[in-house]
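Visitor: One structure follows; several queries about it will come next.
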Amino acid sequence: MKQFAGRLTPATYTLADIEALRLMLRLQQIGFSSNEIEDFLALNLQKQGPPVKLIAMLAQHRQERLAAIHQYERQIAGIDYLRFQLTENH
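Positions in the sequence shown are counted from 1; adding 2 to them yields our numbering.
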């Protein structure tokens with residue numbers, strides 16, 4: 003809804019608006035913060051040469067997610083080991 007003359011009216015969205023909304027949703031789903039989404043969209047709108055900065059942002063998020071997964075894997079291994087020790091000792 004858009005506000006026009008003090009009243010809410012149905013919004014008209016262009017194909018570009020819909021694509022931007024899709025991108026925003028996708029970025030949110032993969033863990034980008036609101037500020038990071040704004041930065042990504044601003045860089046994406048510039049369209050100056052290859053998207054090196056955009057790819058770098060995605061690579062950074064990927065690395066962060068992988069580090070978190072590896073940390074969880076180490077924790078799970080520790081849990082499994084303690085569980086094994088408890089069952090062996092009793």
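Backbone N, C-alpha and C define an ideal beta-carbon position, used for all residues, glycine too.
1. For my contact list, H63 and I39 are in at a C-beta cut-off of 8 Å; report their separation, rounded to the angstrom.
2. Flag R67 as yes when its Cβ comes closer than 7 Å to any non-hydrogen atom of the ligand PLP, and as no otherwise.
3. Can you give the Cα-Cα distance for A18 and F42, rounded to whole angstroms?
4. Sort S35, N37, E75 and N46 by Cα distance to E21 and report the nearest one.
5. Hey, how far is the Cα of F86 from the Cα of Q77?
Guide: For this structure:
1. About 11 Å; that fails the 8 Å criterion.
2. In terms of ligand content, the structure shown is empty, and the ligand PLP therefore cannot be addressed.
3. 16 Å
4. N46
5. 14 Å
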